[in-house]
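Enquirer:
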Amino acid sequence: MGIERLFRKEKQEHRILREATQRAGQLVPEYHRPTPECPHPERWSMYDSMTAEVEVLEFLRTLVTTTKPNLVVETGTFMGVSTLWIAEALRRNGLGKIVSCEYDPKVFEIAKQKIEASEFRDLIDLRNQSSLEMNVEGTIDLFFSDSDMPIREQEVRRYLPQISPFGIILMHDASSHLKQVREAALNLEREGLISVVLLPTPRGLVVAQKREGRK
Ligand SMILES: C[S@@+](CC[C@H](N)C(=O)[O-])C[C@H]1O[C@@H](n2cnc3c(N)ncnc32)[C@H](O)[C@@H]1O
Numbered sequence: 423m424g425i426e427r428l429f430r431k432e433k434q435e436h437r438i439l440r441e442a443t444q445r446a447g448q449l450v451p452e453y454h455r456p457t458p459e460c461p462h463p464e465r466w467s468m469y470d471s472m473t474a475e476v477e478v479l480e481f482l483r484t485l486v487t488t489t490k491p492n493l494v495v496e497t498g499t500f501m502g503v504s505t506l507w508i509a510e511a512l513r514r515n516g517l518g519k520i521v522s523c524e525y526d527p528k529v530f531e532i533a534k535q536k537i538e539a540s541e542f543r544d545l546i547d548l549r550n551q552s553s554l555e556m557n558v559e560g561t562i563d564l565f566f567s568d569s570d571m572p573i574r575e576q577e578v579r580r581y582l583p584q585i586s587p588f589g590i591i592l593m594h595d596a597s598s599h600l601k602q603v604r605e606a607a608l609n610l611e612r613e614g615l616i617s618v619v620l621l622p623t624p625r626g627l628v629v630a631q632k633r634e635g636r637k
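Numbered per the working numbering, the sequence shown spans residues 423 to 637.
#1: Less than 6 Å between C-beta atoms, sequence neighbours within five positions excluded: which residues of the same chain meet that for G502?
#2: Less than 7 Å separating the beta-carbons of T457 and S597?
#3: Looking only at its own chain, which residues have a Cβ that is under 6 Å from the Cβ of I590, when we skip the five neighbours before and after it?
#4: Assuming L506 and S540 make a contact with CB atoms under 8 Å, what is their CB distance in whole Å?
#5: Looking only at its chain, what residues have a beta carbon closer than 6 Å to the beta carbon of D470, apart from the 5 residues adjacent to it on each side?
#6: Rank G447, R445 and H462 by C-alpha distance to the C-alpha of Y453 and give the top, closest one.
#7: What residue range is occupied by the uninterrupted alpha helix (DSSP H) comprising I642?
#8: Given this structure, state the Cα-to-Cα distance separating T561 from P491, to the nearest angstrom.
#9: Given this structure, state the Cα-to-Cα distance separating L634 from Q448, to the nearest angstrom.
#10: Classify Q551 as helix, strand or coil using the three-state DSSP reduction.
#11: Suppose you measure from the CA of Q551 to the CA of E524; what does that come to, to the nearest Å?
#12: Let me check you understand the geometry: is the CB of G626 closer than 6 Å to at least one non-hydrogen atom of ligand 1?
#13: Whole angstroms is fine: what's the gap from L493's alpha carbon to S522's?
#14: Quick check: what's the CA-CA separation for V578 versus E464?
#15: Within the present structure, is the beta-carbon of M571 separated from the nearest heavy atom of ligand 1 by less than 6 Å?
#16: Mind checking which residues open and close the alpha helix (DSSP H) that includes S540?
#17: Which residue's Cα is closest to the Cα of T623: K632, C460, Q444 and L545?
#18: Quick check: does the Cβ of F500 come within less than 6 Å of any heavy atom belonging to ligand 1?
#19: Go to L627, then tell me how far its alpha helix (DSSP H) extends in each direction, as first and last residue.
#20: Could you pull out every residue in the same chain whose Cβ sits closer than 6 Å to the Cβ of W466, ignoring the five residues on either side in sequence?
#21: Please state whether the Cβ-Cβ distance between I616 and A606 is less than 7 Å.
#22: Identify, in the order they occur along the chain, each residue of the same chain with its Cβ nearer than 8 Å to the Cβ of R445, setting aside the five sequence neighbours on each side.
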């Protein structure tokens, strides 16, 4: 056991990162707890409990090839898996780029190495910054909110003026069990800022669009 783990509590992100590295990309059944909207999470699969479910990665990739965004913004890179799936779709489209931010310096370094070694590095602008401090230029066509759950509402509010009225907003971890992100999305909807659809996936996924400017 490493000294860090022996003497102080290992940060959740670092533990999952270490375990995922040991598993070397092997998939396991999703083990988030069953919810009324998704009673059989084991029918889905995952690399680890931080990275989006494989089926959600597939959805992201298809959404990108379907809507052909010029600018994608992702909050919460973790190991860069979702970033790379999105970038693969951007490559297929032949246009667009993704800006992704990761707050934790240790996690950022690992994501950076992985992305620099990939064939999609020219499409990815990776930032070691908090989503609440990062500045992105231009109109956002696809916003994927996947950072720290307690700040997701703040995040969407912060980027909303920059999101295209024809754009798509995704908020991950919005299951009825995880609650916080689901509530955040419903609050934003109650205020009339966005319209939401709650996809019944293991960890929950909000697909939304902003109301202002919609035609
Ligand atoms: C759920 S993981 C992201 C998973 C990734 N999107 C994927 O599916 O492959 C969340 C990540 O957000 C990072 N994070 C937490 N707070 C953040 C913030 N304020 N800004 C950017 N990243 C943050 C965490 O360190 C963690 O690595």
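Backbone N, C-alpha and C define an ideal beta-carbon position, used for all residues, glycine too.
Expert: Working from what's here:
#1: A533, K536 and I537
#2: Contact check for T457 against S597 passes: the beta carbons are separated by less than 7 Å.
#3: L564
#4: Between L506 and S540 a beta carbon distance of about 6 Å is seen, short of the 8 Å cut, so the two are scored as contacting.
#5: I438 and A442
#6: H462
#7: What is shown of the chain runs 423 to 637, which leaves residue 642 out entirely.
#8: The alpha-carbon atoms of T561 and P491 are separated by roughly 10 Å.
#9: For clarity, residue 634 is Glu in the given sequence; the question names Leu instead. Each residue's Cα considered, the two are about 43 Å apart.
#10: In this structure, Q551 counts as coil in the three-state DSSP scheme.
#11: 6 Å
#12: Not under cutoff, so the answer is no.
#13: Approximately 11 Å between the Cα atoms of the pair.
#14: 30 Å
#15: no
#16: Counting along the chain, S540 sits inside no alpha helix (DSSP H), nor does DSSP assign it H or E at all.
#17: C460
#18: yes
#19: No alpha helix (DSSP H) holds L627; the beta strand (DSSP E) holding it covers L627 to K632.
#20: Result list for W466: E452, E475, E477 and P624, in chain order.
#21: no
#22: Cβ within range, chain order: Y469 and D470.
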